[in-house]
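One line per chain: the protein sequences are A and B, in this order.
If you use our numbering, the first sequence corresponds to residues 44 to 407, in order.
If you use our numbering, the second sequence corresponds to residues 8 to 273, in order.
As structure tokens, the structure follows; a few thoughts come after it.
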Amino acid sequence: MRALSKEHESAMHRAEDYVVELRSVSKQYGETVAVANVSLSARRGELVCFLGPSGCGKTTTLRMVAGFVEPTSGMVSINNIDMTHQPPYRRDTGMVFQSYALFPHMTVAENIAFGLENLKWPRHKREQRVEEMLRLVELPHLAQRLPGQLSGGQQQRIALARALAMRPAVLLLDEPFSNLDAQLRIRMREELREVIRSVDVTTLFVTHDQEEALTMSDRIVVMNAGQVEQLGTPGEIYEAPATSFVAQFIGWCSLLRGTVGPDGAFTSTAGLRLVGNWSAGPGTAVIRPEQIKLSTDGAAGVYLQARVLQSNYYGGATRIVLDVNGEQLTMQERFPFGRHPKPGDLLGVTINTNEIRILPTNDS
Amino acid sequence: MRSDFIDDAMAASGALIRAIVYTMLALPAVLVIALSFTSGDTMNFPPTGFSLRWYQKAWENELFVTALWTSTYVAVLVAIIALVIGFAGAFAMNRCSFAGKTFLQGLAFSPLIVPAVVLGIGLLQLFVWLGLTQTIYPLIIGHLVLAVPYVVRTILASLSLHDQLLEQAAMNLRAPPLQVIRRITLPLILPGLLSAAIFAFVTSFGNVTVSMFLTYGGNVTLPVQIFAYVDTSYDPLVAAVSSIMIIVTLIVILTIERLIGAERLA
């Protein structure tokens, strides 16, 4: 409680720095809690991502910033002005919808100019800005087309141009890539990030794709069942997951339940022992595939005999599920052509215990 | 082979039934139009000779010309007012939940349940009590009672197909609610609005049953005038006037359809 109010206080002091602030925002629909107690402060130009499985409350949170959903409690402020109960059209946000929501009866240029008209920009400034935005998204030749005549990728870029034309304080993106095919998705991701950097706009974006979140964001808010599981940089989220949910949701990992003894070594419930220097007590070990290596001796860590349970070829690497002393571990390795292990094979592996994290077990 | 034969037989009988239905629907109108060009003095088929004399007679008949004018402007007014009321009602029913919503939706089907004669008598009594029988209002209000439910249902159908996300996008682009309706909602449901307007116009323009009770000396609508005329005489003048009615209705429908088409092409 004290820590919270202290943080609150320091947040007040540095308030100038924040473009968007959510303070203990919650949303309930009857008995159902959609979002519980979410707090976040985003600085100018920062790209913050809400990541989580569907139904975790990430989209609801974004819609509370846009003003389409009114929080049950808490506060939303934009540019240090309390916007909690303001309608969407009084908020300085620009949103790109999952389905783009371009107006089908207006040309591309009219779509982009729509927000500027509502802001009462004079005609020549509007035209100039529309041209500028079309150049930014590299589609100046499409100004007079109707949205129905554009490809998915083009529609997405126009939706972005429309949202950014008003120079909003906050750009909101709701699963912006989910309607694009895999190849285009990666290209658009890079493009979008470049555009956002070039206009230096604070961006909140929602995704369920961890790769998208890791590559694009400055910070990630991992959400599950309406709660924030962890808030941190992509590196922190991946390397130092705060909960087993985060560990499992971001990247591949094996979770082993067990206890850390007084000597600092971890013993799993099945009896796999990892020597290290962790603090004593029950815990869950998070083991990433890259922490397990093929080995013939124990030079780089603990040497273990493992039996192959499953072997899946992914082209660049093979992902293998191993049985090590009764525990299932996943590793990833590139094998020479024709030497892929088959289920039942025996392999020698070492586990690099230096990088393994043990999460204190709080849920039984 | 066998199933092929059954398929063919079904297709053929389907086409035949369609042809019969269309013929039955169109035949009276075709007959009336054909008879209106007769040069004879009776309504006998086939018409004897070709002339426009009955059209000239209709044009010279002040009763019919006044009635055509009355019918037209009542129908136009009814269409406009029904559209305004209907849109407001449909919008509220589509977007909001309020007490009595189910009742209102039920009301939108009531003209199908209440016989028009009963409605006419009821309205007549109401307007007598209000002392409005010597005005045009009973006619307009009576036709609105008939037309608004159709309009509400047509617009409700358009609204339920309309993507509300576009309205949210507009709001995000700083458009206040009225601006959203004017620039996003209305243009996007325009085809629905126009077909609702056709419904309202045609309902008002062609109505006899309710109009009979609500017209007075100076405000007789064309269908009522035709009805009254046929009561006493039976000459091709009625055919000419009816043809004019058919043509006015067709012009309205085609004009509006062209408008919708043009909107879609733009």
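We put the CB at the ideal spot given by N, CA and C, even for glycine.
Owing to the predicted nature of the structure, the values given are computational and were not obtained by experimental measurement.
DSSP state of residue i mapped onto helix, strand, coil
| i | result |
| --- | --- |
| residue 266 of chain A | strand |
| residue 25 of chain B | helix |
| residue 325 of chain A | strand |
| residue 427 of chain A | Because chain A in this structure spans residues 44 to 407, residue 427 of chain A falls outside the shown range and cannot be described. |
| residue 260 of chain A | coil |
| residue 361 of chain A | strand |
| residue 105 of chain B | coil |
| residue 380 of chain A | coil |
| residue 53 of chain A | Because the pLDDT at residue 53 of chain A is just 47, under 50, the model does not fix this residue reliably, and the point stays unresolved. |
| residue 31 of chain B | helix |
| residue 87 of chain A | coil |
| residue 47 of chain A | Note on residue 47 of chain A: pLDDT 46, under 50, position unreliable in the model; no value is reported. |
| residue 272 of chain B | Caution applies to residue 272 of chain B, whose pLDDT of 40 falls short of 50 and renders its modelled position unreliable; the value that the coordinates give is listed next. Looking at residue 272 of chain B - three-state DSSP - the assignment turns out to be helix. |
| residue 58 of chain A | With a pLDDT of 48 at residue 58 of chain A, under the threshold of 50, the modelled position of that residue is not reliable, and the figure given next carries that caveat. Helix at residue 58 of chain A. |
| residue 301 of chain A | strand |
| residue 100 of chain B | helix |
| residue 85 of chain B | helix |
| residue 331 of chain A | coil |
| residue 403 of chain A | strand |
| residue 318 of chain A | coil |
| residue 181 of chain A | coil |
| residue 272 of chain A | strand |
| residue 59 of chain B | coil |
| residue 355 of chain A | strand |
Under 8 Å from the C-beta of residue i: neighbouring residues of chain B
| i | result |
| --- | --- |
| residue 162 of chain A | 181 |
| residue 346 of chain A | Near residue 346 of chain A there are no residues of chain B at all, since even the closest Cβ is about 58 Å away, more than 8 Å. |
| residue 144 of chain A | 170, 172, 173, 175 and 176 |
| residue 29 of chain A | In this structure chain A extends from 44 to 407, so residue 29 of chain A is not present and cannot be described. |
| residue 248 of chain A | Those do not exist, as residue 248 of chain A stays about 15 Å from chain B at its closest Cβ, beyond 8 Å. |
| residue 140 of chain A | 172, 175 and 176 |
Residue i: contacting residues in chain B (beta-carbon distance under 9 Å)
| i | result |
| --- | --- |
| residue 128 of chain A | Per Cβ cutoff of 9 Å: no residues; residue 128 of chain A is ~15 Å from chain B at best. |
| residue 209 of chain A | 180 and 181 |
Per-residue contacts from residue i into chain B (C-beta, under 7 Å)
| i | result |
| --- | --- |
| residue 136 of chain A | 179 |
| residue 109 of chain A | 179 |
| residue 148 of chain A | 194 and 195 |
| residue 190 of chain A | Here the premise fails: no neighbours, minimum Cβ distance about 11 Å. |
| residue 132 of chain A | 178, 181, 182 and 183 |
| residue 158 of chain A | 180 and 181 |
| residue 259 of chain A | Here the premise fails: no neighbours, minimum Cβ distance about 21 Å. |
Per-residue contacts from residue i into chain A (C-beta, under 7 Å)
| i | result |
| --- | --- |
| residue 193 of chain B | Result: empty, since nearest Cβ-Cβ is about 10 Å, beyond 7 Å. |
Within-8 Å CB hit, residue i to chain D
| i | result |
| --- | --- |
| residue 85 of chain A | The chain labelled as chain D is not found among the protein chains of the depicted structure, namely A and B. |
Expected contact under 8 Å - CB spacing of residue i and residue j to nearest Å
| i | j | result |
| --- | --- | --- |
| residue 459 of chain A | residue 127 of chain A | Because residue 459 of chain A is not part of the residues shown, which for chain A are 44 to 407, the question remains open. |
| residue 199 of chain A | residue 223 of chain A | 7 Å |
| residue 235 of chain A | residue 211 of chain A | Wrong, their Cβ atoms sit about 15 Å apart, outside the cutoff. |
| residue 167 of chain B | residue 199 of chain B | Incorrect: roughly 10 Å between the Cβ atoms, too far for contact. |
| residue 71 of chain B | residue 65 of chain B | 5 Å |
| residue 317 of chain A | residue 399 of chain A | 7 Å |
| residue 45 of chain B | residue 184 of chain B | Wrong, their Cβ atoms sit about 59 Å apart, outside the cutoff. |
| residue 394 of chain A | residue 330 of chain A | 7 Å |
| residue 155 of chain A | residue 208 of chain A | 5 Å |
| residue 135 of chain B | residue 96 of chain B | That belief does not hold up - the Cβ atoms of residue 135 of chain B and residue 96 of chain B are roughly 28 Å apart, past 8 Å. |
| residue 211 of chain B | residue 121 of chain B | Actually they do not touch by this definition, with Cβ atoms about 17 Å apart. |
Residues that residue i contacts on chain A, provided the C-beta gap is smaller than 8 Å
| i | result |
| --- | --- |
| residue 132 of chain B | Those do not exist, as residue 132 of chain B stays about 47 Å from chain A at its closest Cβ, beyond 8 Å. |
| residue 186 of chain B | 161 |
Residue i: CB within 7 Å of a non-hydrogen atom of the ligand GTP
| i | result |
| --- | --- |
| residue 367 of chain A | Ligands displayed in this structure: none; no statement on the ligand GTP is therefore possible. |
(request) Pick out the complete alpha helix (DSSP H) segments inside the stretch 185 to 231 of chain A, 4 residues or longer, and give them in chain order. (result) Counting whole runs of 4 or more residues, the stretch 185 to 231 of chain A contains the alpha helix (DSSP H) stretches 195 to 208.
(request) Specify whether the stretch 307 to 316 of chain A and the stretch 264 to 281 of chain A touch according to this definition: at least 3 beta carbon pairs, one from each stretch, less than 8 Å apart. (result) no
(request) Identify every run of the alpha helix (DSSP H) within the stretch 105 to 161 of chain A, keeping only runs that are complete inside it and at least 4 residues long; order them along the chain. (result) 151 to 161
(message) For the structure I just gave you, are there three or more beta carbon pairs, one from the stretch 244 to 252 of chain A and one from the stretch 82 to 91 of chain A, closer than 8 Å?
(response) yes
(message) Assess contact between the stretch 115 to 128 of chain B and the stretch 183 to 191 of chain B, defined as three or more Cβ pairs (one per stretch) separated by less than 8 Å. Is contact present?
(response) Segments in contact, no.
(request) Mind listing, in chain order, the continuous alpha helix (DSSP H) runs of no fewer than 4 residues lying wholly within the stretch 124 to 178 of chain B? (result) 144 to 168
(message) Check whether the stretch 86 to 95 of chain B and the stretch 149 to 156 of chain B are in contact - that is, three or more C-beta pairs closer than 8 Å.
(response) yes
(request) Would you check if the stretch 244 to 254 of chain B and the stretch 29 to 45 of chain B touch, i.e. whether three or more CB-CB distances between them fall below 8 Å? (result) Cβ pair count under 8 Å is three or more, so yes.
(message) With three or more beta-carbon pairs closer than 8 Å as the criterion, would you say the stretch 101 to 121 of chain A touches the stretch 58 to 73 of chain A?
(response) yes
(message) I want to know whether the stretch 381 to 397 of chain A touches the stretch 348 to 368 of chain A - three or more CB-CB distances under 8 Å.
(response) yes
(request) Mind the definition here: the stretch 295 to 304 of chain A touches the stretch 321 to 330 of chain A only if three or more C-beta pairs lie below 8 Å; say whether that holds. (result) Counting Cβ pairs under 8 Å, three or more are found: they touch.
(message) Counting beta carbon pairs with one atom in the stretch 144 to 154 of chain A and one in the stretch 93 to 111 of chain A, are three or more of them shorter than 8 Å?
(response) no
(message) Below 8 Å, how does it come out for the stretch 201 to 221 of chain B and the stretch 9 to 29 of chain B: are there three or more Cβ pairs, yes or no?
(response) Flag = no, the stretch 201 to 221 of chain B and the stretch 9 to 29 of chain B do not touch.
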